[in-house]
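Asker:
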Amino acid sequence: MRILHLAPQPTDRSGIAAYAERYRRAVGAQADVGIEALDAPGAAPTTVRHVRGYVAAALGAAPRFDVVHAELGGSGLRELYAARAVARRTRVPLVLTVHDPPWLTWQPFHVAAVGGGRPTRALVAVAGRGPARRMQRGLARRADALLALSALGAAALRRTLGVDAGTLPYPCDPATAAAGSGDAAADGTGLTVGFHGYWYGGKGIDVLLAAVALTRDDDAPIRLRLWGGPPAGGGSPADRRQRAAVGAAAARLEIADRVALPGPLADADVPACLAACDVVALPYEERRSTAGLASISSVAYDALAAGTPVVASRVRALPEIVRDGVDGLLVPPADPRALAAALRALRDDPVRRRALRAGARERASLLGLGATGRAARDVYAGVLRPARP
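Position in the sequence shown counted from 1, then plus 1455, gives you this note's numbering.
(1) Tell me, which residues are paired with Trp1682 by DSSP?
(2) Beta-carbon within less than 7 Å of Arg1596's beta-carbon, same chain only, minus the 5 sequence neighbours each way: which residues are those?
(3) How is Gln1464 classed by DSSP in three states: helix, strand or coil?
(4) With DSSP run on the structure shown, which of helix, strand or coil describes Ile1471?
(5) Starting from the Cα of Glu1775, find the closest Cα among Gln1591, Leu1623, Ala1484, Leu1607 and give me that residue.
(6) Please name the residue in Val1781, Leu1461, Leu1784 whose C-alpha comes closest to that of Thr1551.
(7) Taking contact to mean 3 or more Cβ pairs, one atom from each stretch, closer than 8 Å, check whether the region 1812–1821 and the region 1772–1788 are in contact.
(8) When the Cα of Cys1627 is compared with those of Val1662, Arg1589, Leu1604, which residue comes out closest?
(9) What do you get for Leu1824, buried or exposed, if any count of 16 or more other CB atoms within 10 angstroms of its CB means buried?
(10) Which term fits Leu1821, buried or exposed, when burial requires 16 or more other beta carbons within 10 angstroms of its beta carbon?
(11) Are the beta-carbon atoms of Val1754 and Ala1767 separated by less than 7 Å?
(12) Looking only at its chain, what residues have a beta carbon closer than 7 Å to the beta carbon of Ala1795, apart from the 5 residues adjacent to it on each side?
(13) Restricting to runs no shorter than 4 residues, where is the alpha helix (DSSP H) found entirely within the region 1530–1569?
(14) Return the CA-CA distance between Thr1560 and Ala1475, expressed in angstroms with no decimal places.
(15) Under the three-state reduction of DSSP, which class applies to His1651: helix, strand or coil?
(16) Note down, one range per segment and in chain order, each alpha helix (DSSP H) of at least 4 residues found wholly within the region 1725–1792.
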């Protein structure tokens, strides 16, 4: 079987792009499956010109493959419109993996390209909501298989799109299934908390800073390593403003000496850096803009694969990943006091801390690319089995 993969490229700096690279390695390891990413370099992936070029490239390449598989989510327009064109203009089976259920994308047009300022863009977004949802439902019905990365996500897709959806196991890299570090808090010098990922509203970085500020006067410090965001002096103006805002908040809360901002992590460095933490925190929030979102967290899987417990908010599909009291702790979202209490509990209770780390290591032994590759092969075989009229 030959699979054409429509997915963000590594240069896009997105979680879906990182996922796609791992997914291709998982599928490529299957003896009778080959998978190839569509390479369509050009302008920024959100420009109309680039989207049109990507759609044309997908239509030209699709007939040479047995299946087309698109990764959809976030603000990815080119994969959405390429998948739609393949479904409407070719007879090649189409598989869709949806990363941000309950919809295929946040918005199937580039709202930022609308002139007139923020009020006008907001009105356009509202006016376009109905047609956008009809378009997404139509594409979902045309797809030969619709997939999510969690049971919650699959249920959300069935509810909003009216189409049955399956699940795929997350492709954890076996290189990240390390034994983990020793217990860094065992010497009584405090707790090291890691945060890794793309920074945007809803990730709860402000909640995490506020939680650490509540422990400011404790004898044993809680220290943060906030990986992600732009490198020092790099990134877009908005990225730099965000980094500056995080630094300013740490200073205002008088915890600047406990907050490190080392910048983005290279993929190869993620396992060792997360394994060196006592715990990884994912204090995601529920916001109006993300209401009903049923996405997973790749960082939660990365942390567990590195043998490090996770303290996460009880939102989205995180409760499917983090087993409360087994390999991590779940706390209410947007609650600095609850988060601070969880971090203090781990810092002050070495028995519990070691038990959670043991649970994370046990989970690490079960994670790998093989399960994803085998499940994907079964999906592809399934869409190829029935003869199309």
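No residue lacks a Cβ here, since even glycine has one placed at the ideal position from N, Cα and C.
Answerer: For this structure:
(1) Gly1718
(2) Val1618
(3) Taken through DSSP and simplified to helix, strand or coil, Gln1464 comes out as coil.
(4) In the three-state reduction of the DSSP assignment, Ile1471 falls in the helix class.
(5) Leu1607
(6) The question names Thr, yet the displayed sequence has Leu at residue 1551. Considering only alpha carbons, the answer is Leu1461.
(7) yes
(8) The candidate whose alpha carbon is nearest that of Cys1627 is Leu1604.
(9) Leu1824 comes out buried.
(10) exposed
(11) No, Cβ-Cβ distance for Val1754 and Ala1767 is not below 7 Å.
(12) Same-chain partners within the cutoff: Ala1666, Leu1669, Thr1670.
(13) 1532–1544
(14) 16 Å
(15) coil
(16) 1725–1730, 1753–1760, 1773–1776
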